[in-house]
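Trainee: Protein chains in written order, with the numbering used here: chain X, 6 to 329; chain S, 6 to 329.
Don't be surprised by glycine CBs; every beta carbon is placed ideally from N, CA and C.
Keep in mind that this is a model prediction, so the values were computed, not measured.
Number of protein chains: 2
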Amino acid sequence: MASIRDVAKYASVSVATVSRVLNDKGYVGAETRKKVEAAIAELNYRPNEVARSLFKKQSKTIGLILPDIMNPFFPELARAIEDTASKLGYTVILCNSDEDEEKAQRYIDVLLQKYVDGIIISSNTILEKTIRELNIPVVCIDREISKDIPTIVVDNKKGARMATRFLKEKGRRKIAHIRGPIDIVNANERCEGYREVVSGEQWFNESYIVNGNYRMETATEVVLELLRQHPEIDGIFAANDTMAIGAMKAAYQHGLKVPEEISIIGFDGIALGKASIPELTTIEQPLYKLGQTAAKVLIKLIKGQDIEKTFYQFDVQLVERDST
Amino acid sequence: MASIRDVAKYASVSVATVSRVLNDKGYVGAETRKKVEAAIAELNYRPNEVARSLFKKQSKTIGLILPDIMNPFFPELARAIEDTASKLGYTVILCNSDEDEEKAQRYIDVLLQKYVDGIIISSNTILEKTIRELNIPVVCIDREISKDIPTIVVDNKKGARMATRFLKEKGRRKIAHIRGPIDIVNANERCEGYREVVSGEQWFNESYIVNGNYRMETATEVVLELLRQHPEIDGIFAANDTMAIGAMKAAYQHGLKVPEEISIIGFDGIALGKASIPELTTIEQPLYKLGQTAAKVLIKLIKGQDIEKTFYQFDVQLVERDST
DNA sequence: TAATTATCGGTAACCGGTTACAGATAGTTT
DNA sequence: AAACTATCTGTAACCGGTTACCGATAATTA
Chain X
6 MASIRDVAKY
16 ASVSVATVSR
26 VLNDKGYVGA
36 ETRKKVEAAI
46 AELNYRPNEV
56 ARSLFKKQSK
66 TIGLILPDIM
76 NPFFPELARA
86 IEDTASKLGY
96 TVILCNSDED
106 EEKAQRYIDV
116 LLQKYVDGII
126 ISSNTILEKT
136 IRELNIPVVC
146 IDREISKDIP
156 TIVVDNKKGA
166 RMATRFLKEK
176 GRRKIAHIRG
186 PIDIVNANER
196 CEGYREVVSG
206 EQWFNESYIV
216 NGNYRMETAT
226 EVVLELLRQH
236 PEIDGIFAAN
246 DTMAIGAMKA
256 AYQHGLKVPE
266 EISIIGFDGI
276 ALGKASIPEL
286 TTIEQPLYKL
296 GQTAAKVLIK
306 LIKGQDIEKT
316 FYQFDVQLVE
326 RDST
Chain S
6 MASIRDVAKY
16 ASVSVATVSR
26 VLNDKGYVGA
36 ETRKKVEAAI
46 AELNYRPNEV
56 ARSLFKKQSK
66 TIGLILPDIM
76 NPFFPELARA
86 IEDTASKLGY
96 TVILCNSDED
106 EEKAQRYIDV
116 LLQKYVDGII
126 ISSNTILEKT
136 IRELNIPVVC
146 IDREISKDIP
156 TIVVDNKKGA
166 RMATRFLKEK
176 GRRKIAHIRG
186 PIDIVNANER
196 CEGYREVVSG
206 EQWFNESYIV
216 NGNYRMETAT
226 EVVLELLRQH
236 PEIDGIFAAN
246 DTMAIGAMKA
256 AYQHGLKVPE
266 EISIIGFDGI
276 ALGKASIPEL
286 TTIEQPLYKL
296 GQTAAKVLIK
306 LIKGQDIEKT
316 FYQFDVQLVE
326 RDST
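1) Say whether chain S places a C-beta atom closer than 8 angstroms to the C-beta of X:Q110.
2) Please report the residue range of the alpha helix (DSSP H) in which S:L306 lies.
3) When you compare the segment 102-112 of chain X with the segment 101-110 of chain S, are there three or more beta-carbon pairs, one atom per stretch, that lie closer than 8 angstroms?
4) Could you round the C-beta distance between X:A332 and S:M6 to whole angstroms and report it? I think they count as a contact, below 8 angstroms.
5) Which residues, taken in chain order from the segment 82-104 of chain S, show a beta carbon closer than 8 angstroms to some beta carbon of chain X?
6) Below 7 angstroms on C-beta distance, what does S:D327 contact in chain X?
7) Once DSSP output is grouped into helix, strand and coil, what is the label at S:V33?
8) Start and end of the beta strand (DSSP E) containing S:T286?
9) Exposed or buried, what is X:N218 when buried is set at 16 or more other beta-carbons lying within 10 Å of its beta-carbon?
10) Using the DSSP secondary-structure output, state which residues sit across from S:L323 in a beta bridge.
11) Output, in chain order, the set of chain S residues within a Cβ distance shorter than 7 angstroms of X:I3.
12) List the residues of chain S whose Cβ lies closer than 7 angstroms to the Cβ of X:L277, in chain order.
13) With a cut-off of 8 angstroms, do at least 3 Cβ pairs link the segment 195-206 of chain S to the segment 152-170 of chain S?
14) I want to verify the contact list: residues of chain S whose CB lies under 7 angstroms from the CB of X:V55, in sequence order.
15) From the DSSP output, in three-state form, read off X:R184 for me.
16) Am I right that S:G296 and S:R84 are in contact with their C-beta atoms under 8 angstroms? What's the rounded C-beta distance?
17) So for S:A252, helix, strand or coil by DSSP?
18) Output the residue ranges of the beta strand (DSSP E) runs that lie fully inside the segment 62-130 of chain X and measure 3 residues or longer, sorted by chain position.
19) Closer than 9 angstroms between beta carbons: that is the criterion. Which residues of the segment 26-48 of chain S meet it against chain X?
20) In this structure, does DSSP put S:G198 in helix, strand or coil?
21) Just to confirm my understanding: we take X:I67, look at its own chain, exclude 5 residues before and 5 after, and list those with CB closer than 7 angstroms. What are they?
22) Using a beta-carbon distance below 8 angstroms, is S:V115 in contact with chain X?
23) Using the rule of at least 16 other Cβ atoms within 10 Å of the residue's Cβ for burial, across every protein chain shown, is X:N245 buried or exposed?
24) I want to verify the contact list: residues of chain S whose CB lies under 9 angstroms from the CB of X:K254, in sequence order.
25) In terms of alpha-carbon separation, which member of X:S19, X:F79, X:L93 lies closest to X:K301?
26) Confirm, please, whether the CB-CB distance from S:S58 to X:V55 is below 8 angstroms.
27) Does DSSP put S:T156 in a helix, in a strand, or in coil?
28) Classify X:N53 as helix, strand or coil using the three-state DSSP reduction.
29) So, does the CB of S:R166 fall closer than 8 angstroms to a CB anywhere in chain X?
30) What does X:R220 touch in chain S if you count any residue whose Cβ is under 8 angstroms from its own?
31) Does the contact criterion of 3 or more C-beta pairs under 8 angstroms hold for the segment 29-40 of chain S versus the segment 38-49 of chain X?
32) Output needed for X:E230: all residues of its chain with C-beta closer than 7 angstroms, excluding positions within five of it in sequence on either side, in chain order.
33) When DSSP builds the beta bridges, which residues end up paired with S:Q318?
34) Sort S:D239, S:A276, S:P155 by Cα distance to S:D311 and report the nearest one.
35) If the cut is a Cβ gap below 7 angstroms, which residues of chain S does X:I250 touch?
36) I need the straight-line Cα distance from S:R25 to S:Y32, nearest angstrom please.
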């Protein structure tokens, strides 16, 4: 590959001049510029990004740390982030942390060594202190760590209220909730939203809230048990779509028809919901928008620009399909 | 961040010595080594990967170019590749090409500028010549471009035969096939496998093969039309799971029960198949294994090691669930 | 004891960009 | 004509690693 010195030699100018036309910086005469451009074209020269990174101490690369790209919730976020970053001239390194703090920490170390300009992370295990010590911009997505770190989320509580109220409006009398992991903020918020709506009801009882872990199989198990213990249940609000599908399976196994005998609503709006039969009613997050915003905000921070706020909360939308 | 010169100064040795203990190369006295290690620990020194890359002309980074990470087929591959690369000390840059050759080419340019050590690509638009000109190792996954480029795929034709025969064994008499895009090799191979099994049947007729594009909605449309024209059809082999789900939806819309009145089998073995109701019978690819192999082979090539073969074809497995 | 070899450590150039600084030329002002 | 300014270009140091090469010391051999 041709280097900047080759180009300089070919155009009979100095490397400084070539660098100037490359970066459109400082004075360059029209004639000289033309010569240099011709040389660049002729030699098919592309500046070496690594050398540039070394001097500039930045790499036009961002790190993306997700729990697991195989979790169907994340691909759309990842796609939006990659699209946006790419449009703005950045490249993204993908990391799967498996919700494991140590693993996340190792990834962070590697990313720092590679001079990434910033990190987008979805994690509930990482500590605020750790992030603050990085000295590069970080934005959190889907999971909130601290009000001081820029965060992109949806209004989980409101969404949960919408979901629960919707089941009531559909005439459901006994509505259960399959919640997400206790250490994940959004799971608690969704549970809280559900509570706000049902806590006044005389039928409500703590055993209507069962623990899930955002995974399908577990949801099927716990819902099966729930239905055995509470045959009166005719509505389920699952804290995510994956568990909602699991709940649908449990309902079928228990001999209940969806939506005739029991209504099920999810949360997230992942593609999976459109693949189930019947298609899943859900509280849809603007996933692409979230990812896009995360990338935009991060890159603004990288460039040292101001951001309007540190907490971006988007609205969710009820998408009625066939499971309610 | 501390540099190697800081460490050298702190340990009262030269930078060369520090580099030697860092890389375990050349002679270093036991005493000296200890001093240096202490200094490294004390200053919390981490070598700058960018500087190293510049000199070594390699970055411990690989590029992964996929059509679209939102396509549920790819996350598992991506995960396997990332896991494996990470274990071997490599980092992966994610790129979504949208099957667009120009976009892929732009990504390749960027990756080259960043000195990636190799590329894993899934594409049918990119040309062999383009790849050969890169001068860095490339391996293809899922899609075959040329016998000369290391490729990781499954035995599509065999899988297709298995699927079709399985439907016959289940007593299905009129079996249709929803094929994938004509410009994708694996779609053609799967179609070929189907053909081999049914072409001898007297009922077989070209109109039993309909064109899909690996997407659900389209599959639903074409299958609906197919069922209208051929009410005798009692079995469908879809070239991928996503279309199989689409076919199931069409069957329901057409008033057919799955699997009682019509059997449907897919191909790929993506997680989606386990989320549908009824769960999808499919020809499962060892996706994780494929990704893992791609990463291993690529890294071997990067290190200049020999690889056993240039064409890795894995076996598929029939996973019987509830749609047949 | 002298010569040879193994071990150890330092100096400086290099990877391929960027940029501070200085020097040269041309045009303008007094 | 002298002084000054605006425009243009080049030299060399720097980013933070790696490594070729050289010199010094200690251990071994003749």
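Mentor: With the given structure in hand:
1) For X:Q110, the answer is no, since every Cβ of chain S falls outside 8 angstroms of its Cβ.
2) Where S:L306 is concerned, the enclosing alpha helix (DSSP H) stretches over 292-307.
3) Touching, no.
4) Nothing about residue 332 of chain X can be reported from this structure: the residues present for chain X run from 6 to 329 only.
5) Of all residues in the segment 82-104 of chain S, only A83, R84, E87, D88, S91, T96, V97, I98, L99, C100, N101 place a beta-carbon less than 8 angstroms from a beta-carbon of chain X.
6) One finds nothing in chain X with a Cβ atom closer than 7 angstroms to the Cβ of S:D327; even the nearest lies about 10 angstroms away.
7) Correct three-state label for S:V33: coil.
8) Run containing S:T286: 286-289, per the beta strand (DSSP E) assignment.
9) Counting C-beta atoms within 10 angstroms of its own C-beta, X:N218 has 16 or more neighbours from the protein chains shown and is therefore classed as buried.
10) Beta-bridge pairing links S:L323 to S:I288.
11) The structure shown has nothing for residue 3 of chain X, since chain X only spans 6 to 329.
12) Within chain S, the residues near X:L277 are L277, A280.
13) Yes, since at least three Cβ pairs between the segment 195-206 of chain S and the segment 152-170 of chain S fall closer than 8 angstroms, the two stretches touch.
14) Result: V55, S58, L59, S64, K119, Y120.
15) Strand.
16) Between S:G296 and S:R84 a beta carbon distance of about 7 angstroms is seen, short of the 8 angstroms cut, so the two are scored as contacting.
17) The three-state reading of DSSP puts S:A252 in helix, counting H, G and I together.
18) For the segment 62-130 of chain X, whole beta strand (DSSP E) runs of length 3 or above, ordered along the chain, are 66-71, 96-101, 123-126.
19) Within the segment 26-48 of chain S, no residue has a Cβ that lies closer than 9 angstroms to any Cβ of chain X.
20) Of the three classes helix, strand and coil, the one that applies to S:G198 here is helix, per DSSP.
21) Correct list, in chain order: A90, Y95, V97, V121, D122, G123, I124, I125, L303.
22) S:V115 counts as touching chain X.
23) Classification of X:N245: buried, given that the 10 Å Cβ count is 16 or more.
24) Residues of chain S passing the Cβ test: A280, I282, E284.
25) Nearest in C-alpha terms to X:K301, of all of X:S19, X:F79, X:L93, is X:L93.
26) A contact, by the Cβ cut-off of 8 angstroms.
27) DSSP places S:T156 in strand when its eight states are reduced to three.
28) Here X:N53 sits in coil by DSSP.
29) No, no contact with chain X.
30) Proximity of chain S to X:R220 at the Cβ level (cut-off 8 angstroms) is not reached, the minimal Cβ distance being about 11 angstroms.
31) Because the criterion of three Cβ pairs below 8 angstroms is not met, the segment 29-40 of chain S and the segment 38-49 of chain X do not touch.
32) Once the five neighbours on either side are set aside, X:E230 has no close Cβ partner at all.
33) The partner list for S:Q318 (beta bridge, DSSP) reads S:V158.
34) Taking the Cα of S:D311 as reference, the smallest distance to any Cα among S:D239, S:A276, S:P155 is reached at S:P155.
35) For a Cβ distance threshold of 7 angstroms, residue set A280 of chain S lies close to X:I250, ordered along the chain.
36) Between the alpha carbons of S:R25 and S:Y32 lies a distance of about 8 angstroms.
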